[in-house]
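Let me begin by presenting the structure, written as structure tokens, before commenting on it.
Protein chains: 4
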Amino acid sequence: MQFADTKWKIIHASRKVFAEKGFHNAKMEDIADEAGVGKGTIYDYFSSKKELFETMIKEMAMGFRKLIQENISEDMDFDEKLKALARVKFEIIKNHKDIENLVFKNFSNFDESLMGWLEKIRNEMLEYFEGVMQEGIDSGRIKDINPKYATLMYIGGLHFLSHYICHMEDADYEKEKESALDTFLSIMFKGLEKKCL
Amino acid sequence: MQFADTKWKIIHASRKVFAEKGFHNAKMEDIADEAGVGKGTIYDYFSSKKELFETMIKEMAMGFRKLIQENISEDMDFDEKLKALARVKFEIIKNHKDIENLVFKNFSNFDESLMGWLEKIRNEMLEYFEGVMQEGIDSGRIKDINPKYATLMYIGGLHFLSHYICHMEDADYEKEKESALDTFLSIMFKGLEKKCL
Amino acid sequence: MQFADTKWKIIHASRKVFAEKGFHNAKMEDIADEAGVGKGTIYDYFSSKKELFETMIKEMAMGFRKLIQENISEDMDFDEKLKALARVKFEIIKNHKDIENLVFKNFSNFDESLMGWLEKIRNEMLEYFEGVMQEGIDSGRIKDINPKYATLMYIGGLHFLSHYICHMEDADYEKEKESALDTFLSIMFKGLEKKCL
Amino acid sequence: MQFADTKWKIIHASRKVFAEKGFHNAKMEDIADEAGVGKGTIYDYFSSKKELFETMIKEMAMGFRKLIQENISEDMDFDEKLKALARVKFEIIKNHKDIENLVFKNFSNFDESLMGWLEKIRNEMLEYFEGVMQEGIDSGRIKDINPKYATLMYIGGLHFLSHYICHMEDADYEKEKESALDTFLSIMFKGLEKKCL
DNA sequence: AATGAATGAGTCTTCATTCAT
DNA sequence: TATGAATGAAGACTCATTCAT
Chain A
1 MQFADTKWKI IHASRKVFAE KGFHNAKMED IADEAGVGKG TIYDYFSSKK
51 ELFETMIKEM AMGFRKLIQE NISEDMDFDE KLKALARVKF EIIKNHKDIE
101 NLVFKNFSNF DESLMGWLEK IRNEMLEYFE GVMQEGIDSG RIKDINPKYA
151 TLMYIGGLHF LSHYICHMED ADYEKEKESA LDTFLSIMFK GLEKKCL
Chain B
1 MQFADTKWKI IHASRKVFAE KGFHNAKMED IADEAGVGKG TIYDYFSSKK
51 ELFETMIKEM AMGFRKLIQE NISEDMDFDE KLKALARVKF EIIKNHKDIE
101 NLVFKNFSNF DESLMGWLEK IRNEMLEYFE GVMQEGIDSG RIKDINPKYA
151 TLMYIGGLHF LSHYICHMED ADYEKEKESA LDTFLSIMFK GLEKKCL
Chain C
1 MQFADTKWKI IHASRKVFAE KGFHNAKMED IADEAGVGKG TIYDYFSSKK
51 ELFETMIKEM AMGFRKLIQE NISEDMDFDE KLKALARVKF EIIKNHKDIE
101 NLVFKNFSNF DESLMGWLEK IRNEMLEYFE GVMQEGIDSG RIKDINPKYA
151 TLMYIGGLHF LSHYICHMED ADYEKEKESA LDTFLSIMFK GLEKKCL
Chain D
1 MQFADTKWKI IHASRKVFAE KGFHNAKMED IADEAGVGKG TIYDYFSSKK
51 ELFETMIKEM AMGFRKLIQE NISEDMDFDE KLKALARVKF EIIKNHKDIE
101 NLVFKNFSNF DESLMGWLEK IRNEMLEYFE GVMQEGIDSG RIKDINPKYA
151 TLMYIGGLHF LSHYICHMED ADYEKEKESA LDTFLSIMFK GLEKKCL
């Protein structure tokens, strides 16, 4: 484990509190209480509220990236990769809806350096899947479109869909998820494919 | 005009300042300065910072809705309606990227009642286009998929794509916008259509 | 008057509180209470506790310098100037003992720039009286000693003596002051004079 | 040795840190680091920061007193005693300028009991040298002045002069010290003496 | 109606001190 | 005896809001 126990406790607590209340409405005392430590203890591990927030966000972002990487192997075909992405995306949203919002979106009024870091991560991901899309084009199975635009569409559609589905009660979720994924994939792959037949 | 002059000046100023700095980093004084009025004057028109923010957000949301309504007439075909939505969406993002973010996204850590109001507006829009999608299905031109899911995909793809394009310099923008719209529409409509042919 | 009323009220209050409690033990709230204003009001006039302290100290230091300048005119003889300095010094210590300590001494653990500023003021004064001493030497009435050393002696002796006398009850003060001044001047001038006779 | 080794280490470290940073800016951790012990260890020897500070100050003050006592023997003549004081004073200032400031000055915003203790020490010294001055008067070699005032003058002049000289580079110091002492003593003794001749 | 000087509740942050090991 | 991780009281500072003019 990369961080000491107490540091992890604080990061986890901060994730919960920041997700619930947002950066400005989260009080250091809330986070300390949630972590079961004293207020001052946070400052033994993080120099400021902002540093704690940034550390937490970066941890989450790297966790999401890792999850995606673990679910996609290079011997997969391009369509398998895209389908795996779709499943992982649903997974992430299901488990970390609030934080994923913080990580994925432009909350552009925040610290420049964090925004830059997140942008970089997002662009890396985008470029990776752009490459996957290009594989499809090169293989002749995807029609000749701008792979960046197609990738943005793919991820954007996925994003909105998964958010909608993840609002549902747990009972409905699994069924609806499969149904939504089917719909999504059938439309996307049909739309992308070079010829009909 | 619905509001007095001074009230409008304040709403417009607040839009600019909130968009630039976000709710918590925007100071009432900044807004007063931007509006060219005294700090106290804002309180003659709005009871609090929150009320000002909510008024401004609601104004914007209603403006966006109006813009969409104005660009879609009921005698259009379902596909024309969807294409018109795509163009309007690009327009809105181009002109009000930051605010659109505030309006469209779940900034769920905020006032419940505003969130509820926005949700309602979004759902109305969603349901309207779900109906448009259903028209397409009923007409036999769109395959038999869940129209809500298809609509979410449509809007989500559009959202991500338009945000990406709107980062560009003005010189590139028009060309890229058309190119991106072409790509988007060609994929979506191909993906949605009932048969290949 | 150089500053607005409220600003002056705060400066005067801060003088009292800083003198009583020292920089670190003085609370902004104490100063606000003493000035009869709210805590936040101080920050409308001074950006920080340190800035308030520095402003106050500089005001005092310039006040002391002004008082000395007003009591010494250039048509005085060198010995009259030195005698006038002695009287003014007693006056200052009597009225502003605590602050004079802050201004005159090296409270070297403080902000570099303030220390530098004070050093400059002190050196200007020192050099002025060094010049006065030199006048005495040039006129043949003071023996040929290093005028800087003689000046330091003069001021140092005065400093300790006046502090001691100013501890006294008001009843004793006037009498003792005259007696101490007599003693001081008789020793200093006798010690400085070129010849006996 | 009066204190255990560790206790001494801590006292010496605190002297250095307090002198450099002042009471309020010195952190217990700084002192612990300087002493090469853990933060908690300080509390095995001193009940609080204040107690440590007071112990250190008292040690220093007693050291200065001891140094003075060692350099002045009762078989010296009154003028030899005063001259010895002058030399010791330069010595002390040279080696412990910062601390001497803390010990000698009225840092009146501090703990009453420490201030009282220091006052007592200073008064003892003052009274001792007042006695020396009185010896001079009784012997007919010093004119009939208030011996307390003369003593205060003597020490005050010495104080300012030695501080000034001790700012100098080591190369200049020895030469200037002798020159300053000469000036000082020639003025003081000439000023004090009963008759000229 | 418009203002902006004044306010003080609210929060981050520091650091002397404690105590389990 | 020695430690340093943990604590929380205390205080500087911010800014939405008020109100006398």
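Chains as they are written, first to last, in full-length UniProt numbering: chain A, 1 to 197; chain B, 1 to 197; chain C, 1 to 197; chain D, 1 to 197. Think of the CB as a built atom: it goes at the ideal place given N, C-alpha and C, for glycine as much as any other residue.
The beta carbons of M62/C and K49/C sit about 21 Å from each other, so the pair does not count as a contact at 8 Å. Residue range D5 to N25 is occupied by the alpha helix (DSSP H) that includes G22/C.
The shortest CA-to-CA distance from F18/A to any of T6/A, E51/A, L118/A and G38/A is the one to E51/A. C-alpha of K16/D to C-alpha of N71/A: approximately 59 Å in a straight line. Contact between the stretch 74-82 of chain A and the stretch 129-147 of chain A is present, with at least three C-beta pairs closer than 8 Å.
Distance from the CA of K175/D to the CA of I31/C, rounded to the nearest whole angstrom, comes to 48 Å. Look at the beta carbons and you see the stretch 114-121 of chain A not touching the stretch 115-124 of chain B: under three pairs across the two are nearer than 8 Å. With 16 or more other Cβ atoms inside 10 Å of its own Cβ, A35/D counts as buried. In the three-state reduction of the DSSP assignment, I142/D falls in the strand class, which pools E and B. The Cβ atoms of L192/D and I137/C lie no closer than 7 Å to each other.
Around the beta carbon of H96/D, 16 or more other beta carbons lie within 10 angstroms, which makes this residue buried. Secondary structure at E193/C: strand, using DSSP grouped into helix, strand and coil.
For the stretch 153-173 of chain C, residues whose beta-carbon sits nearer than 8 Å to a beta-carbon of chain D comprise M153, Y154, I155, G156, G157, L158, H159, F160, L161, H163 and Y164. Burial check for N101/A: the Cβ neighbour count within 10 Å reaches 16 or more, so the residue is buried. Take I68/D, set aside five residues on each side of it, and the residues of its chain with a beta-carbon closer than 6 Å to its own are V88, in chain order. Residues of chain D whose Cβ lies closer than 8 Å to the Cβ of F184/C are, in chain order, Y149 and M153. Rounded to whole angstroms, the Cβ separation of S14/D and M60/D is 10 Å, and the two are not in contact under 8 Å. Residues of chain B whose Cβ lies closer than 7 Å to the Cβ of L192/A are, in chain order, I187. Chain order gives no chain C residues near N123/D, where near means a beta carbon separation below 7 Å; the closest approach is about 10 Å. Excluding its 5 nearest sequence neighbours in each direction, A180/D has C-beta neighbours in its own chain below 6 Å: L161 and I165, listed in chain order.
S162/D: member of the alpha helix (DSSP H) spanning P147 to C166, first to last residue.
Membership of E29/A in the alpha helix (DSSP H) is indicated by the continuous run M28 to A35. Rounded to whole angstroms, I142/C and E74/C show a C-alpha spacing of 19 Å. Remark: C-beta atoms of F23/C and F64/C do not approach each other more closely than 7 Å.
Closest option to E169/C, judged by alpha-carbon separation, among K94/C, H12/C, D5/C and A86/C: K94/C.
T151/C sits away from N146/D, with the two beta carbons spaced by 7 Å or more. Taking L185/C as the centre and dropping the five residues before and after it, the same chain places the C-beta of K83 and A86 closer than 7 Å to its C-beta, in chain order. H159/D counts as buried, since no fewer than 16 other beta carbons sit within 10 angstroms of its beta carbon. At a C-beta separation below 7 Å, A61/B has no neighbours in chain A, since its nearest C-beta there lies roughly 17 Å away. A straight-line Cα-Cα distance of about 25 Å links G40/B and I10/C. Neighbours of I145/B in chain A, taken as residues at a C-beta separation under 9 Å, are given in chain order as D182, T183, S186 and I187. The Cβ atoms of G157/B and G157/A sit closer than 7 Å to each other. By the criterion of a C-beta distance shorter than 6 Å, F46/A is surrounded in its chain by L52, once the five residues flanking it on both sides are discounted. Secondary structure at M188/C: helix, using DSSP grouped into helix, strand and coil. Under the criterion of beta carbons closer than 8 Å, K190/A and K194/B do not qualify as touching, at roughly 10 Å. Excluding its 5 nearest sequence neighbours in each direction, Y149/A has no C-beta neighbour in its own chain below 8 Å.
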